[in-house]
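J.: Numbering (this note's numbering), first residue to last: 29 to 164. This is the structure I want to talk about, given as C-alpha cells.
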Amino acid sequence: MIYLTRRERFNAAHKLWNLDWSDEENKAVFGKCANENWHGHNYQLFVTVKGEIKPETGYIVDLKELSVVINEEVVEKLDHKNINLDVPFMKGKLASTENLAVAIWNQIENRVADLGCQLHCVKLTETENNYVEFYG
Ligand code: NI
C-alpha cells in the first residue's frame, strides 16, 4: 500500500453561526468568526489516496484524473463562493473547517474509488496555523 497526495486551493467566505442561537450567543462563542458580513480564507485542500502501484504506469492513480475529480466535485463548487449561502453540499451545516472536511470527503469518496484507488485522508487548512484531517 502506498499513499499519494494532491493539493488544490480555493478561496471562500463564511461565518460561523448557529441559527438556533441568539446573536449574543453566536458572538460569544464564535467571536470574530461570527462577523455578520462574512470573512474569507485561502483554503488549501490535501487529498491523500492509497492503493497499489499499477505496473503499467508506475502510478497509484493518474494525478490529472484525480485533480479533475477534486475540481469538479469540490473546487468549482467552493471557489469564490460563500460557504453558508452558495454551496449545496454545505446547506444546513455550520461552516466550520471540520464540517467542510467531512463534506468534501463525501463529495469525492465514490469518484476516487472509480479511479481504482481508495480515499485515505482529506486535510483542509483554513489558515497557516489551523487545519483539520478526516480519515472517513
Ligand atoms: Ni473563518
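By construction, the Cβ of each residue, glycine as well, lies at the ideal position given by its N, Cα and C atoms.
(1) Is it true that the CB of residue 162 sits closer than 8 Å to the CB of residue 141?
(2) Is the beta carbon of residue 69 within less than 7 Å of some heavy atom of the ligand NI?
(3) Comparing the CB of residue 154 with every heavy atom of the ligand NI, is any distance shorter than 7 Å?
(4) Who does residue 74 pair with in a DSSP beta bridge?
(5) Is DSSP giving residue 89 helix, strand or coil here?
(6) Between the C-alpha atoms of residue 108 and residue 139, what's the straight-line distance to the nearest angstrom?
T.: Looking at the atomic coordinates:
(1) Not a contact, by the Cβ cut-off of 8 Å.
(2) Under cutoff, so the answer is yes.
(3) At least one heavy atom of the ligand NI is nearer than 7 Å to the Cβ of residue 154, so yes.
(4) BP columns for residue 74 point to 35, 151.
(5) For residue 89, the secondary structure class from DSSP, reduced to helix, strand or coil, is coil.
(6) Spanning the two alpha carbons is a distance of roughly 24 Å.
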